[in-house]
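What follows is a single structure, written as structure tokens, with notes after it.
What follows is the structure, encoded as structure tokens:
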């Protein structure tokens, strides 16, 4: 009886070794960035500085980069885009999952086809539409282009398919309409998928540099990534100060991911279980 358990022991050790190696490869650069940010400003960065840790680089980076305004802009844009995507994805995903209408499969294929079209390919028509609507150099120029997303529609559509139809039929017998069923039954049960969509969208918008760079020129509209890019151009030779700015820009999304990682894993794992 001990022989099968011994045979399973070595694959488990190898798996743990590979996972540990992968964790080291991923975390080592982050540790170098974090430790370098505490080195004396303007000094050559070393992995372990003999000097005591100081937050002087963080204070200087926060003031010179004007990250308070950038954080406010990025938060506003990311939350607005996330809210729009959750609404549009929930409505479209529920329609594609439950409503029976002609052309539903063709519409689903069109939604999936949008996933393979890079945003950069559409930037010229989007810019012309925003210019026609007098939205260039406004917050709407950063929100409208990504207010709907094929990934979110497909994600919620697949998750809605895993919810038993009998729950909706019971609610319909009690007099609930489609919107009430979606709001009171489907969305609460789809919480893992909603959290997954929220995290993907918020982190993607927080890290987006392309839209602020193309659609805005006003300094008061710059986001975190645009501020970080400008900061990098000014302080390329001052690595400790630059690493402090990178850490400041990374901490919010890192904390957000750590808070919602369980729901994220559950949402990804359960999506696509039913065709």
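In the working numbering, the protein residues as written are 28 to 302.
Beta carbons: idealized from backbone N, C-alpha and C, even for Gly.
Here the structure is a predicted model, which is why all the values come from computation and not from measurement.
Helix, strand or coil at residue i [DSSP, three-state]
i: residue 28; result: The pLDDT assigned to residue 28 is 47, lower than 50, so where the model puts this residue is not dependable, and the model offers no usable value.
i: residue 9; result: For residue 9 there is no data in the structure shown, the boundaries of the chain being 28 and 302.
i: residue 265; result: coil
i: residue 203; result: coil
i: residue 115; result: helix
i: residue 128; result: coil
i: residue 302; result: Model confidence at residue 302 stands at a pLDDT of 45, short of 50, so the residue's coordinates are unreliable and nothing is read from them.
i: residue 56; result: helix
i: residue 82; result: coil
i: residue 177; result: helix
i: residue 16; result: The structure shown does not extend to residue 16, since the chain is modelled only from 28 to 302, so the question has no answer here.
i: residue 42; result: helix
i: residue 249; result: coil
i: residue 228; result: helix
i: residue 234; result: coil
i: residue 65; result: coil
Rounded straight-line distance, which links the Cα of residue j to that of residue i
i: residue 67; j: residue 93; result: 21 Å
i: residue 243; j: residue 46; result: 42 Å
i: residue 272; j: residue 285; result: 21 Å
i: residue 239; j: residue 170; result: 10 Å
i: residue 146; j: residue 86; result: 36 Å
i: residue 136; j: residue 123; result: 11 Å
i: residue 217; j: residue 259; result: 41 Å
i: residue 132; j: residue 117; result: 17 Å
i: residue 187; j: residue 206; result: 14 Å
i: residue 43; j: residue 274; result: 29 Å
i: residue 165; j: residue 105; result: 14 Å
i: residue 56; j: residue 149; result: 34 Å
i: residue 249; j: residue 279; result: 17 Å
i: residue 144; j: residue 134; result: 16 Å
Beta-carbon proximity of residue i to residue j, cut-off 9 Å
i: residue 101; j: residue 251; result: yes
i: residue 224; j: residue 292; result: no
i: residue 119; j: residue 214; result: no
i: residue 83; j: residue 254; result: no
i: residue 178; j: residue 227; result: yes
i: residue 2; j: residue 290; result: This structure cannot settle anything about residue 2, because the visible part of the chain is limited to 28 through 302.
i: residue 111; j: residue 142; result: no
i: residue 232; j: residue 108; result: yes
i: residue 128; j: residue 270; result: no
i: residue 268; j: residue 91; result: yes
i: residue 157; j: residue 168; result: yes
i: residue 208; j: residue 195; result: yes
i: residue 172; j: residue 153; result: yes
i: residue 211; j: residue 198; result: yes
i: residue 115; j: residue 176; result: yes
i: residue 222; j: residue 287; result: yes
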